[in-house]
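In the working numbering, the protein residues as written are 10 to 493.
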């Protein structure tokens, strides 16, 4: 029996409000464990991940996930502790996970350059490529990709679509999929209140400049996310031209335009972001979600996972929000696990534990636990297991009495075949603009999605100077000098 639409989300968000307290307790417990003597036969695996980005357990019975085939999933324990027990049962070796968190890619990178040592971390795509370029990573073993091995859940379960993206990305001749194992993925877009903002207005990034919403929109306080939106605005006419849209190399050309870093493009971005600064309520990192729910703002630039959270929370308060991936293009982002050379080194046991940790998190039931707990979308589709699709249907499938429904195909993600009728969710009509749309974007959205490139240092310096002008000084505009 399918769950009633969105009941899962309501439960998850009630649950998520206790995550901070649980996280503190779990990290405290982990710290105590790390001080204990473990003996020379115990592998110590040092893992660093984004904040609130793994299931810490402690679920109530009301959080039970009851899937159509009778599978029941309930996160009782912290997944890192469960991994330790599973690893011993599976490999006959003891492991202790020392788990810590960070807030941004740059914070993680700074920790590493200042001397902190980890074995396994989970940065975003552009930072992974930067680490590859700087020779900070070691590749995964051949065994890790062997689909004949029983516990290789990652290799067997990775979405064919995501695998294609990873295999197509390279840096200085090295393929990203050799060094990174995906974790979560999504898009960058706009969460908006349809009571005030129309679907057409939210379909374009220039909503950020719309004076009809003066001081009622927020933008990410992130140079790369803000830059992406501004480049899209600067190139709106070119990238929405029918000849461009129908070109056989559309994807490559779109990526080239939206990742441009030449001085002319940077100057155009600075001008657009300066206008946006005068129009938006604020540049923010996390407050935009609450501001939307309370009605302080009517639209917010947001990552898809946080968009789902925001829509869920607003729904509890009786407010219906929607999500848009703008038509001119959206950012396809992902976070992935990488093994650090300074941590793993030549230690085969550590590499075994690191690869096993990724596989454990890629087991379909644990994938579901993580998605339920953190609200983001896993890169794992399940392979031979249909549990993850069942879970998506459990979350979003329309109730039996639902009249206004849409057929929502997800074959491109789950099987690699966009026409695969086995992966269609019959959802409530509004889900084509809401949580389902954000969590599993339709094919037309991913076809206009672009991965942010790893910029050269000279390009980064140019963009950072621009960002300093916009966010801190805005020197030229202070003296009345306009950029040309």
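Virtual Cβ for every residue (Gly too), placed ideally from N, Cα, C.
My understanding is that residue 198 touches residue 391, with C-beta atoms under 8 Å, so please give their C-beta distance in whole angstroms.
-> Position 189 of the chain shown holds residue 198. Position 382 of the chain shown holds residue 391. Wrong, their Cβ atoms sit about 25 Å apart, outside the cutoff.
Could you check which residue in 362, 386, 208 and 439 has the C-alpha nearest to that of residue 412?
-> One-based indexing of the chain shown puts residue 412 at position 403. Out of 362, 386, 208 and 439, 439 has the C-alpha closest to the C-alpha of residue 412.
Whole angstroms is fine: what's the gap from residue 241's alpha carbon to residue 358's?
-> Position 232 of the chain shown, counted from the start, is the residue given in the question as residue 241. Position 349 of the chain shown, counted from the start, is the residue given in the question as residue 358. If you take the alpha carbons of residue 241 and residue 358, they lie about 46 Å apart.
Starting from residue 58, follow its DSSP beta bridges and name the residues at the other end.
-> Here the question's residue 58 lines up with position 49 in the chain shown. For residue 58, which the question treats as bridged, DSSP gives the partners 110.
If you scan the segment 206–253 from start to end, which runs of the beta strand (DSSP E) of 3 or more residues do you find wholly inside it?
-> Those beta strand (DSSP E) runs which fall completely within the segment 206–253 and span 3+ residues are 226–229.
Where residue 335 falls, given that 16 or more other Cβ within 10 Å makes a residue buried = By 1-based counting over the chain shown, the position of residue 335 is 326. With 16 or more Cβ atoms within 10 Å of its Cβ, residue 335 is classed as buried.
Residue 418 lies in the beta strand (DSSP E); which residues open and close that run?
-> Start at 1 with the first residue of the chain shown, and residue 418 comes out as number 409. Element bounds for residue 418: 414–418.
If you draw a straight line from the C-alpha of residue 364 to the C-alpha of residue 153, how long is it?
-> Within the chain shown, the letter at position 355 stands for residue 364. Within the chain shown, the letter at position 144 stands for residue 153. Counting only the Cα atoms, residue 153 lies some 7 Å from residue 364.
Cβ pair residue 343, residue 112 closer than 8 Å | In the chain shown, counting from the first residue as 1, residue 343 sits at position 334. In the chain shown, counting from the first residue as 1, residue 112 sits at position 103. Their beta carbons are not under 8 Å apart, which means residue 343 does not touch residue 112 by this criterion.
Report yes if the CB atom of residue 147 is closer than 8 Å to the CB atom of residue 189, and no otherwise.
-> Indexing the chain shown from 1 puts residue 147 at position 138. Indexing the chain shown from 1 puts residue 189 at position 180. Note that the C-beta distance between residue 147 and residue 189 is not below 8 Å.
So, are the CB atoms of residue 217 and residue 228 less than 8 Å apart?
-> Reading the chain shown from its first residue, position 208 is the one you call residue 217. Reading the chain shown from its first residue, position 219 is the one you call residue 228. The answer is yes: Cβ separation under 8 Å.
Buried versus exposed call for residue 437 [16 or more other C-beta atoms within 10 Å across all chains shown] = One-based indexing of the chain shown puts residue 437 at position 428. Result: buried.
Check whether the segment 296–310 touches the segment 240–258, taking contact to mean three or more Cβ pairs, one atom from each stretch, closer than 8 Å.
-> Contact between the segment 296–310 and the segment 240–258 is absent, with fewer than three C-beta pairs closer than 8 Å.
Taking only the alpha-carbon atoms, compute the straight-line gap between residue 200 and residue 323 and give it to the nearest angstrom.
-> By one-based count along the chain shown, residue 200 stands at place 191. By one-based count along the chain shown, residue 323 stands at place 314. The alpha-carbon atoms of residue 200 and residue 323 are separated by roughly 11 Å.
Residue 130 and residue 225 look like a contact to me (Cβ under 8 Å); what is the Cβ gap, rounded to whole Å?
-> Start at 1 with the first residue of the chain shown, and residue 130 comes out as number 121. Start at 1 with the first residue of the chain shown, and residue 225 comes out as number 216. The Cβ separation is near 38 Å, so there is no contact.
Outcome for residue 331 when other beta-carbon atoms lying within 10 angstroms are tallied against a minimum of 16 = Translated into positions along the chain shown, residue 331 becomes position 322. That one is buried.
Mapping DSSP to helix, strand and coil, what is residue 333?
-> As a working note, residue 333 is residue 324 in the chain shown. Reduced to three states, the DSSP call for residue 333 is strand.
N- and C-terminal bounds of the alpha helix (DSSP H) containing residue 141 | In the chain shown, the residue the question calls residue 141 occupies position 132. Segment 134–142, the alpha helix (DSSP H) holding residue 141.
In chain order, each alpha helix (DSSP H) run of at least 4 residues that lies wholly inside the segment 288–346 = Runs of the alpha helix (DSSP H) inside the segment 288–346: 296–303 and 313–325.
Taking 8 Å as the cut-off, decide whether the C-beta atoms of residue 326 and residue 302 are in contact.
-> Here the question's residue 326 lines up with position 317 in the chain shown. Here the question's residue 302 lines up with position 293 in the chain shown. Yes, Cβ-Cβ distance for residue 326 and residue 302 is below 8 Å.
Near residue 220, which residues of its chain fall below 7 Å by C-beta distance, leaving aside the five closest residues on each side in sequence?
-> For the purposes of this step, residue 220 is identified with residue 211 of the chain shown, where counting begins at 1. 288, listed in sequence order.
Starting from residue 145, follow the beta strand (DSSP E) in both directions and report where the run begins and ends.
-> Translated into positions along the chain shown, residue 145 becomes position 136. Taken as a continuous stretch (DSSP letters only), residue 145 belongs to no beta strand (DSSP E), as it is neither H nor E.
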